[in-house]
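Its first residue numbered 18, the sequence shown is counted upward by one per residue in the working numbering. Don't be surprised by glycine CBs; every beta carbon is placed ideally from N, CA and C. On a predicted model such as this, the values are computed, not experimentally measured, just so you know. See below for the structure under consideration.
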Amino acid sequence: LVMAMAAPVVASPTAPVVAPPSAPLVARMTSIVNAELLAVASIPLTAALMARGVAYADWLPWQAGAFPVVAALGGFGYKYVFEALAWEDEPSQA
């Protein structure tokens, strides 16, 4: 097994300086990452519960069970799209 060594990273004198992200942007990105992790983690949990028949109601039509999912998807989708389109970062003070 041969491991290649990466060349050291050297800052170019002509490269532009990138300002660090603002505190509100960091908070927003943290919120988005946490929501995505929760969504990904809930898929296997939900699948395991469904496979075991937890909270199964034979009398409940599938449309009634699908409505809360569609409502949550629409509500959270609207919320995140609205926030993404309305986002304005404060101008950095250089």
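Judged by pairs of C-beta atoms under 8 Å, the region 98–109 touches the region 32–43, as three or more such pairs exist. Note on geometry: alpha-carbon atoms of L55 and I49 lie some 10 Å from one another.
Boundaries of the alpha helix (DSSP H) harbouring R45: 40–68, taken from the DSSP string.
L42 has its alpha-carbon roughly 30 Å from the corresponding atom of P61. If you ignore the 5 residues before and after L66, its C-beta comes within less than 8 Å of the C-beta of A72, all in its own chain and listed in chain order. When DSSP states are grouped into helix, strand and coil, V34 belongs to the coil group. Following the DSSP letters along the chain, one finds Y97 inside the alpha helix (DSSP H) bounded by residues 79–103.
A straight line joining the alpha-carbon of G82 with that of A74 spans about 10 Å.
With contacts defined as CB atoms closer than 9 Å, A52 and Y97 qualify as a contacting pair.
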